[in-house]
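Be aware that the sequence shown starts at 783, since it is given in the numbering used here, and climbs by one per residue. Cβ atoms here follow ideal geometry from the backbone N, Cα and C, with glycine treated the same way. First comes the structure, then the notes that go with it.
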Amino acid sequence: KKEEEEENVVGRPGGRREEGPKVLDIGTGSGLLALMAARHGAQHVTAFETDALLASMATNIVAANDLDHVITIVNAPSTSSPPIPNPDDRYDMLVAEILDSGLLGEDFI
């Protein structure tokens, strides 16, 4: 029962969805949230990262986990994504972890 609940965290809530959601990950860093979404049933994850080194590392981590067919790492700000004219192509879910571990890097405190 617990495994079934964990599988439904991202994909097919209540059995209503035939395909997993399309996920947008803003500020992916190493790609952890993108990996979690993919492993829990996301149909596709588009993950934006502005830091070129982090984007490269995330791309390598995604490939090492054999999820490069599900996750696309984009080295650009999420605001550079073009508008989505077709509602069927819109994202179903947004994930973001935008604060560094010290809360100082983004001038949060």
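Inter-residue spacing [alpha-carbon to alpha-carbon] between residue i and residue j
i, j, result
"L815", "I843", "12 angstroms"
"H851", "E879", "23 angstroms"
"T854", "S838", "11 angstroms"
"H826", "D870", "13 angstroms"
"P864", "E801", "24 angstroms"
"Y873", "A824", "11 angstroms"
"L849", "N868", "26 angstroms"
Expected contact under 8 angstroms - CB spacing of residue i and residue j to nearest Å
i, j, result
"A834", "S812", "Wrong, their Cβ atoms sit about 14 angstroms apart, outside the cutoff."
"L876", "L806", "5 angstroms"
Minimum C-alpha distance to residue i - residue among the options
i, options, result
"N847", "A819, N868, P803", "A819"
"P803", "H822, G809, T810", "H822"
Does the structure place the region 830-837 close enough to the region 846-862 that three or more beta carbon pairs sit under 8 angstroms? yes
Just list the beta strand (DSSP E) runs in the region 803-831, keeping only unbroken ones of 3 residues or longer that don't cross its boundaries, in chain order. 804-808, 826-830
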